[in-house]
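Taken in order, these protein sequences are the chains called A and B.
Our numbering applies: residue 13 is where the first sequence begins, and numbers increase by one.
Our numbering applies: residue 1011 is where the second sequence begins, and numbers increase by one.
Beta carbons: idealized from backbone N, C-alpha and C, even for Gly.
Okay, so here's the structure we're looking at.
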Amino acid sequence: MRELTYLEAIREAMQQKMREDSNVYLIGEDIAEYGGAFGVTVGMLEEFGKERIINTPISEEAIIGVATGSAVTGMRPIAEIMFSDFITIAMDQIANQAAKIRYMFGGKAKVPLVIRTAGGGGTGAAAQHSQSLEALVAHIPGLKVVMPSCPYDAKGLLVSSINDDNPVIFIEHKLLYNNKKCIQNVPRQMYEIPLGKGDVKREGSDISVAATSYMVQKSLEAAEKLSQEKGIECEVIDIRTLRPLDIDIILDSIKKTGRLLCVEEAPIFGGFMGEVSAQVSEKGFNWLDAPVVRVAGRNCPVPYSLVLEQEMIPGASRIEKGILNLLNKT
Amino acid sequence: MCNDSKAKKPYINIDGYRMEDKFSELDDSIKIEMLRKMYEIRHFENETEQFIIRGMIHGTCHLYIGEEATAVGAIYAINDDDYITSTHRGHGHCIAKGADLNIMMAELLGKKTGYCKGKGGSMHIADVGSGNLGANGVVGGSIGIATGAALTCKMKKNGKIVVCFFGDGAANQGIFHGSINMASIWDLPIIYLCENNVYGMSTSVKEAFNIEKISDRKCAYGIEGLTIDGNNLVEVFNAVSHFTGECRAGRGPVLIESLTYRWMGHSKSDAQVYRTKEEIKQWVERDPIERYKKILIDQKILTEKEDRDLEKEAISQIEEAAKFARESPFPEPSEVEDDVYA
Ligand SMILES: Cc1ncc(C[n+]2csc(CCOP(=O)(O)OP(=O)(O)O)c2C)c(N)n1
Ligand SMILES: [Mg+2]
């Protein structure tokens, strides 16, 4: 097997699906010659031509509208929204149209659409280019929401997302794209990772830590450190698919550990982990030895200055503190 | 309306549009100040590039080099208390509107002394006090805000107008249509100034539009508009001046397309695969600063020596700004949740 970066794994999933199915095409800003703002689609114009790698004007709302319309009529578009912040510009098409068409039409249509977008902060891109807006889309019935944390998952989850007959919001993390620390063996052949299945990234018996996207990597970092320094063994669960949510994998874990820390990058107020916490309280109260605790972004936009940005977004040390507090340790 | 100018010698622009030569009526000192502003922008951007190269800028920056005449010509044609809205490529507009170079540079380095206390960075510099309603990280994001500012001007009858800067790329956002249509049905005092610098990131206007001139969209809204040479400061100044009176008199809005070119890559990282060195060279030959300088020297408003001194002064001002920025403190982490609400 060969090692791929997260970015390469995503590209490979798209290439393989496009070779297999001529209905799959890409649409978005600067995705052709330029290869996308983060370089994900580099080389794809050369292989698939501009008929299937469709470069658009800067019109997010129309990109999603066009993709939705073509999905309803038999194509399988992958629309790229350069920064996840700009899904807000396309929100009518995402939330009122793509998400609801099937239901409103009494199940007589389907919208096999994937919206790939780069989320998260840590790049100094400030308030309008760094948000984690997954809760916004996960709230809408009819949408599926996927946030891969590593190359292996990215490829398998993207293949599944393209194969899915529903609109899927596929949120990638900017700090993972070329992250040399997260390179992985990725099978050459195409494979699927089912949507709606979480994954235990590290086993442990002392405490469960559920996280999304880049925060999975940060949680693993904290877990390793605590294991080496204090002998605390954390079980780290990657939620992977926010909707449908695999709550059972978390419930199974707390049966063993009795404690749950939820970690996400978005501001804590109204964040997705509020949903996880509520479901665990409702369904797993008997197994809990302590209330579910969240470590998440501060309740402010993502600031520019590095010192402020690091304060806003949780890092391994804040996660570590959260774990120790939940275990009543220092 | 536009072709019955009473001025003795009209100015005729590249679009064949006749207008008063308001530039010729300016004091020499103002004409020289405009050159100085262009130098300030050019060297501010050069210094910013150095900071980028040295890894001192945490986020990204979009440099305005090559487009200076558009910001300076347009902003000098309006009053100090008129409003502007800017873009992600906003340093030039900000400097032309009179921003303090030290405070701007401090913001780029994420310092507490910056315009946004380090919270905004390059893409969010605003100086509401000076009428600058801000750069904007969202392409097209300021077009509605500018239109709203124009609505305020109309409702308060304060005689102010708005210049809304945006790129060719932004002209394809839905908000362009909704906003200009509203401004036109309500006769708002606003000049929509589209900086057509040939590309929106990697996408050329040829690829993104099926019309020759973006200003032709004026027809869709029943408003005035024209295309100008954005690298000729005199033309930018005259064109914007021509419409300020109309706008103040309640006969706005207007759509001006300013033809210009960005010399540098789109942002921090850009391999520029979408254009040729030859094309860049052709535009560098139409350097707005060189062209304007030549006009001033030819008209004996400025000597070569005075020009060199002017540029030197601008350079030393920028050096001072860079020093101020470097020596300023970072914000305290405890400030992170300040300023979320009023
Ligand atoms: C809504 C939105 N979509 C995409 C982007 C990414 N982006 C930043 S600048 C830019 C190009 C803008 O082109 P234009 O409006 O012509 O301005 P220029 O950069 O040429 O000055 C793009 C696509 C963005 N910031 N906002
Ligand atoms: Mg442009």
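What is the residue span of the alpha helix (DSSP H) that residue i lies within?
{"i": "S265(A)", "result": "I259 to T269"}
{"i": "S220(A)", "result": "S220(A) -> not in any alpha helix (DSSP H); beta strand (DSSP E) instead, spanning I219 to A223."}
{"i": "D1317(B)", "result": "E1314 to E1337"}
{"i": "D211(A)", "result": "Run containing D211(A): none in the alpha helix (DSSP H); it sits in the beta strand (DSSP E), D211 to R214."}
{"i": "G1083(B)", "result": "E1078 to I1085"}
{"i": "Q1060(B)", "result": "D1038 to I1063"}
{"i": "V288(A)", "result": "F284 to G296"}
{"i": "I101(A)", "result": "Segment: none, I101(A) is in no alpha helix (DSSP H) and carries neither H nor E."}
{"i": "W1293(B)", "result": "K1287 to V1294"}
{"i": "Q1282(B)", "result": "Run containing Q1282(B): none; DSSP gives neither H nor E here."}
{"i": "R330(A)", "result": "A328 to L338"}
{"i": "T323(A)", "result": "Note that residue 323(A) is Glu in the sequence shown here, rather than Thr. First-last of the alpha helix (DSSP H) with E323(A): L318 to M324."}
Name the one or two DSSP bridge partners that residue i has.
{"i": "Y1202(B)", "result": "C1174(B) and L1265(B)"}
{"i": "F95(A)", "result": "A130(A)"}
{"i": "T1095(B)", "result": "C1174(B)"}
{"i": "K156(A)", "result": "V180(A)"}
{"i": "T1237(B)", "result": "E1267(B)"}
{"i": "Y37(A)", "result": "P89(A)"}
{"i": "D250(A)", "result": "D211(A) and A223(A)"}
{"i": "R14(A)", "result": "V198(A)"}
{"i": "V305(A)", "result": "L273(A)"}
{"i": "N1142(B)", "result": "I1094(B) and D1137(B)"}
Helix, strand or coil: which one does DSSP assign to residue i?
{"i": "Q27(A)", "result": "helix"}
{"i": "M1211(B)", "result": "coil"}
{"i": "R310(A)", "result": "coil"}
{"i": "G77(A)", "result": "helix"}
{"i": "E45(A)", "result": "coil"}
{"i": "F1186(B)", "result": "helix"}
{"i": "I113(A)", "result": "helix"}
{"i": "A235(A)", "result": "helix"}
{"i": "A1017(B)", "result": "For A1017(B), the predicted structure reports a pLDDT of 49, less than 50, and the residue's modelled location is therefore unreliable. The matter cannot be settled from this model."}
{"i": "D1137(B)", "result": "strand"}
{"i": "H185(A)", "result": "strand"}
{"i": "I1003(B)", "result": "Because chain B is modelled from 1011 through 1352, residue 1003(B) falls outside the range shown and cannot be assessed."}
{"i": "K22(A)", "result": "Position check: residue 22(A) holds Ile in this sequence, whereas Lys was assumed. Three-state DSSP puts I22(A) in a helix."}
{"i": "R88(A)", "result": "strand"}
{"i": "Q196(A)", "result": "strand"}
{"i": "I1311(B)", "result": "coil"}
{"i": "R1028(B)", "result": "strand"}
{"i": "N1248(B)", "result": "helix"}
{"i": "G1275(B)", "result": "coil"}
{"i": "M1011(B)", "result": "With a pLDDT of only 45 at M1011(B), under 50, the local geometry of the prediction cannot be trusted, and the value read off the model is given with reservation. Coil, per DSSP."}
{"i": "I66(A)", "result": "strand"}
{"i": "G1194(B)", "result": "First, the residue type needs correcting, since residue 1194(B) is Ser and not Gly in the sequence shown. Note: S1194(B) maps to helix in three-state DSSP."}
From this set, the options, which residue's C-alpha is nearest residue i's C-alpha?
{"i": "Y175(A)", "options": "H151(A), G86(A) and A150(A)", "result": "A small correction: the amino acid at residue 175(A) is Asn; Tyr does not occupy that position in the sequence shown. Taking only the C-alpha atoms, the option nearest N175(A) is G86(A)."}
{"i": "M1192(B)", "options": "S1152(B), G1169(B) and L1161(B)", "result": "L1161(B)"}
{"i": "R255(A)", "options": "I244(A), S317(A) and T224(A)", "result": "T224(A)"}
{"i": "T269(A)", "options": "E215(A), A278(A) and V314(A)", "result": "E215(A)"}
{"i": "L1118(B)", "options": "P1341(B), L1203(B) and G1150(B)", "result": "P1341(B)"}
{"i": "C1204(B)", "options": "D1319(B), Y1125(B) and A1084(B)", "result": "A1084(B)"}
{"i": "R64(A)", "options": "N197(A), M56(A) and S265(A)", "result": "M56(A)"}
{"i": "F1033(B)", "options": "E1323(B), P1020(B), M1165(B) and I1062(B)", "result": "P1020(B)"}
{"i": "R345(A)", "options": "T135(A), I244(A), G136(A) and E41(A)", "result": "Chain A is shown from 13 up to 342; residue 345(A) falls before or after that span and cannot be answered."}
{"i": "A107(A)", "options": "G77(A), F117(A) and Q143(A)", "result": "G77(A)"}
{"i": "N35(A)", "options": "V292(A), G132(A), A79(A) and M285(A)", "result": "A79(A)"}
{"i": "E1295(B)", "options": "T1270(B), A1218(B), R1318(B) and D1280(B)", "result": "T1270(B)"}
{"i": "H1276(B)", "options": "I1040(B), M1029(B), G1177(B) and D1025(B)", "result": "G1177(B)"}
{"i": "C162(A)", "options": "K186(A), D97(A) and I195(A)", "result": "I195(A)"}
{"i": "A91(A)", "options": "A308(A), V52(A), S239(A) and K341(A)", "result": "V52(A)"}
{"i": "F50(A)", "options": "A110(A), M94(A) and Q27(A)", "result": "M94(A)"}
{"i": "V126(A)", "options": "G133(A), G81(A) and K333(A)", "result": "G81(A)"}
Just curious, the beta strand (DSSP E) that residue i is in, first and last residue?
{"i": "A278(A)", "result": "L272 to P279"}
{"i": "L254(A)", "result": "T253 to R255"}
{"i": "I1105(B)", "result": "Unbroken run through I1105(B) is the alpha helix (DSSP H), H1101 to A1106; no beta strand (DSSP E)."}
- [ ] Report the residues of the segment 299-330 of chain A with a CB closer than 7 Å to any CB of chain B, ordered along the chain.
- [x] R310, N311, C312, P315, Y316, S317, L318, V319, L320, E323 and M324
Task: Chain-ordered residues of the segment 44-76 of chain A with a beta carbon less than 9 Å from chain B - done: A44, E45, Y46, G47, A49, N67, T68, P69, I70, S71, E72, E73 and A74
Task: Proximal residues, the segment 169-185 of chain A versus chain B, C-beta separation under 8 Å - done: none
TODO: Name, going along the chain, the residues of the segment 1315-1347 of chain B whose beta-carbon falls closer than 9 Å to a beta-carbon of chain A.
DONE: F1340, P1341, E1342, P1343, S1344, E1345, V1346 and E1347
- [ ] Could you please tell me which residues of the segment 78-109 of chain A, in chain order, have their CB closer than 8 Å to any CB of chain B?
- [x] D97, F98 and I101
- [ ] Could you name the residues of the segment 1161-1186 of chain B whose beta carbon sits closer than 7 Å to any beta carbon of chain A, in the order they occur along the chain?
- [x] G1179, A1180, N1182, Q1183 and G1184
- [ ] Output, in sequence order along the chain, the residues in the segment 1125-1153 of chain B whose CB is closer than 9 Å to any CB in chain A.
- [x] C1126, K1127, G1128, K1129, G1130, G1131, S1132, M1133, H1134, N1146, G1147, V1148, V1149, G1150 and G1151
TODO: Report the residues of the segment 122-138 of chain A with a CB closer than 9 Å to any CB of chain B, ordered along the chain.
DONE: T135, G136, A137 and A138
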